[in-house]
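Protein chains in written order, with the numbering used here: chain A, 1 to 331; chain B, 332 to 655.
Put into structure tokens, the structure is as follows:
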């Protein structure tokens with residue numbers, strides 16, 4: 001009897017197993033995965049739409065999240081901190097599930113971001129952080145980046161290596177995280193190199209025309225200037241124009257999201273070197289952290305994650321065809 | 332204050348600029364070199380060209396707040412068209428047409444519908460910025476396409492050792508000077524600015540003159556746009572939203588063109604532009620921090636205005652309706 005029972009059981013098991021393998025087994029994590037995203041809203045407040053970084057992040061977020069049924073709600077403050085603050089304030093009452101913020105400076109939004117977390121919204125900051133840390137920050141480690149850039153200029157320009165030791169810095173907006181933290185990194189490294197001489201350190205407000213005027217004055221004041229560190233490739237097209245007009249041989253190290261225009265600029269000699277934080281990569285990081293937050297369902301503000309974007313130092317020599325990316329063409 | 336006689340604001344500002352120049356020349360090594368002076372003028376030539384456009388409008392007792400938007404959007408559209416494969420001359424022609432249409436609309440709204448210029452052009456500036464961003468191009472910054480590099484000569488070229496933008500600035504100044512001084516319409520413009528009703532009674536076609544004045548401003552704005560785009564190989568449409576337009580008005584008013592119209596000339600624009608240029612250049616050489624630069628700039632500008640108010644007090648005769 002016992003033998004028959006066992007045999008029956010075994011055959012039943014075998015049957016069910018074979019039935020299962022014919023129809024496939026459902027992945028038990030699928031349903032909760034998709035359920036956790038259905039009908040969620042991600043609000044995105046960059047400093048402005050309409051340039052490579054913010055458009056790239058928006059495109060990346062849409063590509064990753066929209067197929068899951070997440071709605072992306074873009075509020076464009078168009079370079080106005082006031083409008084951005086208003087957008088965040090009204091979003092706090094509208095209560096999206098996630099708020100993605102790109103800070104124009106380190107202080108303006110700090111209190112609002114705290115309020116948003118209190119209201120139960122996950123807050124993800126991208127690339128330029130606020131002094132207030134939220135659920136997640138995705139972006140370049142600007143302090144390290146500044147240090148590395150300073151080191152590159154030392155390699156190129158130090159009197160030990162045959163340079164004049166004279167360098168200049170052209171910042172963006174002084175209070176922006178990208179400027180303030182980076183300058184910290186640059187100063188830290190330069191402190192240990194008294195042979196280097198920072199002859200000019202000016203802010204050009206992310207504007208190419210201002211950058212050009214500043215660079216032109218500095219260049220003609222210091223005919224033996226060896227290197228310039230600019231804080232954004234879109235702005236440094238002006239710095240590069242000033243260098244070209246002066247006819248001097250200056251090493252221009254710029255930085256940006258790695259849009260195709262950066263590679264074009266390296267190719268035609270506009271920039272000597274561009275430090276790239278890969279924008280599609282940052283968008284993917286953001287999308288992933290948003291997915292994680294929505295699945296964990298923890299209280300907003302209970303954990304703080306920082307994901308520093310890997311940096312790539314591109315030059316004409318090490319640049320490859322796929323080093324830069326392009327935005328999808330608009331209609 | 333009799334001691335000074337009647338010193339005009341233009342002379343005061345020129346004096347301030349000269350004083351600063353002497354101060355910088357003594358204290359700053361490398362300020363008074365030919366290269367630096369050329370560089371100084373080059374750096375403010377775009378501001379100066381826009382100042383001439385604004386000056387013409389202000390002399391005609393108007394104001395054009397859409398000037399910077401016209402410059403940015405018409406040129407950005409030109410670059411976009413050229414990037415999309417249109418031939419450069421055609422793209423430039425279309426951009427210019429766009430600028431002129433905007434100027435004409437401004438003039439029409441102000442002259443015929445009689446909307447105050449400050450409101451008409453303020454609204455127009457916002458309108459065309461949004462219109463351009465929505466219909467013409469998606470990105471903030473338009474780059475100069477590779478095959479348009481002939482154009483960069485206007486911004487980066489050098490002629491007889493002098494940067495081309497300086498020649499363009501001088502050319503625009505000279506053209507505007509000739510227009511104001513020697514043409515019938517130039518004199519009409521001044522007459523309309525001084526007293527529109529009187530001008531009309533004497534037979535000046537006041538409304539068409541107002542339209543002309545805004546079209547001229549758009550035209551010069553377009554030229555300034557070419558120089559801007561050419562000098563940095565790109566056009567940043569964000570300037571339309573910046574405070575740049577106030578710098579332009581400042582240059583005009585600082586130079587001594589009264590906002591009440593009818594007064595001043597191109598020389599005033601040049602003087603105002605030079606003061607700003609000397610200030611910016613000197614402060615950049617001294618490597619003064621940006622925020623401190625703003626403080627210094629503001630103080631010096633206020634000083635100029637205060638001196639003017641003391642030396643040339645306003646009275647019933649000099650004050651006019653429409654003074655701001």
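Every residue gets a Cβ at the ideal spot worked out from N, C-alpha and C, and that includes glycine. Model, not experiment: these values are computed from the prediction.
Reference residue i, options the options, closest by Cα
i                      : options                       : result
residue 250 of chain A : A:219, A:232, A:262 and A:188 : A:219
residue 543 of chain B : B:387, B:344 and B:351        : B:387
residue 320 of chain A : A:296, A:260 and A:277        : A:260
residue 369 of chain B : B:344, B:481, B:487 and B:472 : B:487
residue 428 of chain B : B:404, B:622, B:339 and B:571 : B:404
residue 273 of chain A : A:190, A:245, A:231 and A:32  : A:231
residue 439 of chain B : B:595, B:546, B:623 and B:397 : B:546
residue 137 of chain A : A:323, A:245, A:203 and A:284 : A:284
residue 656 of chain B : B:535, B:353, B:506 and B:510 : With chain B covering only 332 through 655, there is no way to say anything about residue 656 of chain B.
residue 267 of chain A : A:192, A:315, A:242 and A:28  : A:315
residue 131 of chain A : A:105, A:117, A:312 and A:67  : A:105
residue 40 of chain A  : A:318, A:96 and A:117         : A:96
residue 227 of chain A : A:165, A:307 and A:144        : A:165
residue 225 of chain A : A:159, A:187 and A:210        : A:159
Own chain residues within Cβ distance below 6 Å of residue i, not counting five before or after
i                      : result
residue 531 of chain B : 537
residue 559 of chain B : 377
Buried or exposed by the 16-neighbour rule on C-beta atoms within 10 Å, applied to residue i
i                      : result
residue 92 of chain A  : buried
residue 633 of chain B : exposed
residue 349 of chain B : exposed
residue 467 of chain B : buried
residue 345 of chain B : buried
residue 407 of chain B : buried
residue 512 of chain B : exposed
residue 528 of chain B : exposed
residue 150 of chain A : buried
residue 129 of chain A : buried
residue 152 of chain A : buried
residue 354 of chain B : exposed
residue 90 of chain A  : exposed
residue 107 of chain A : exposed
residue 66 of chain A  : exposed
residue 608 of chain B : buried
Spatial distance of residue i from residue j (CA atoms)
i                      : j                      : result
residue 367 of chain B : residue 199 of chain A : 17 Å
residue 270 of chain A : residue 109 of chain A : 35 Å
residue 197 of chain A : residue 424 of chain B : 48 Å
residue 495 of chain B : residue 134 of chain A : 51 Å
residue 73 of chain A  : residue 85 of chain A  : 16 Å
residue 593 of chain B : residue 600 of chain B : 14 Å
residue 653 of chain B : residue 217 of chain A : Residue placement at residue 653 of chain B cannot be trusted, given a pLDDT of 49 that sits under 50; what the coordinates show is reported in the next sentence. When rounded, the distance between both Cα atoms is 40 Å.
residue 572 of chain B : residue 33 of chain A  : 44 Å
residue 638 of chain B : residue 343 of chain B : 8 Å
residue 333 of chain B : residue 631 of chain B : Because residue 333 of chain B sits at a pLDDT of 45, beneath the cut-off of 50, its placement in the model cannot be relied upon, and the following sentence gives the value as read from the coordinates. If I take the Cα positions, the gap works out to 24 Å.
residue 400 of chain B : residue 255 of chain A : 28 Å
residue 628 of chain B : residue 57 of chain A  : 38 Å
residue 655 of chain B : residue 433 of chain B : Its pLDDT being 46, under 50, residue 655 of chain B is placed unreliably by the model, and nothing is read from it.
residue 595 of chain B : residue 479 of chain B : 38 Å
residue 418 of chain B : residue 563 of chain B : 21 Å
residue 101 of chain A : residue 154 of chain A : 35 Å
residue 244 of chain A : residue 489 of chain B : 12 Å
residue 421 of chain B : residue 410 of chain B : 11 Å
residue 253 of chain A : residue 293 of chain A : 37 Å
residue 497 of chain B : residue 462 of chain B : 32 Å
residue 83 of chain A  : residue 112 of chain A : 13 Å
residue 347 of chain B : residue 484 of chain B : 34 Å
residue 474 of chain B : residue 194 of chain A : 39 Å
residue 140 of chain A : residue 94 of chain A  : 30 Å
Close beta carbons around residue i, own chain, < 7 Å, minus the five adjacent residues each side
i                      : result
residue 452 of chain B : 394, 395, 396, 397 and 437
residue 604 of chain B : 375, 378, 379, 382 and 582
residue 78 of chain A  : 48
residue 521 of chain B : 390, 511 and 593
residue 69 of chain A  : 37, 38 and 39
Own chain, CB closer than 8 Å to residue i, minus 5 neighbours either side, in chain order
i                     : result
residue 60 of chain A : 279, 280, 282, 283, 284, 286 and 287
Exercise. Do the stretch 571–589 of chain B and the stretch 364–381 of chain B make contact, defined as three or more Cβ pairs closer than 8 Å?
Worked result: yes
Exercise. Is the stretch 406–424 of chain B close to the stretch 357–370 of chain B, with three or more CB pairs under 8 Å?
Worked result: No: fewer than three Cβ pairs fall under 8 Å.
Problem set entry | Sufficient close CB pairs (3 or more, under 8 Å) joining the stretch 256–270 of chain A to the stretch 584–593 of chain B | The stretch 256–270 of chain A, when compared against the stretch 584–593 of chain B, does not touch it at the 8 Å Cβ threshold.
Exercise. Do three or more CB pairs link the stretch 277–288 of chain A to the stretch 172–184 of chain A at distances below 8 Å?
Worked result: no
Exercise. Can we say the stretch 201–208 of chain A touches the stretch 610–625 of chain B, given the rule of at least three CB pairs closer than 8 Å?
Worked result: yes
Exercise. Is it true that the stretch 303–321 of chain A meets the stretch 34–49 of chain A, where meeting means three or more beta-carbon pairs spaced less than 8 Å apart?
Worked result: Contact fails: fewer than three Cβ-Cβ distances are below 8 Å.
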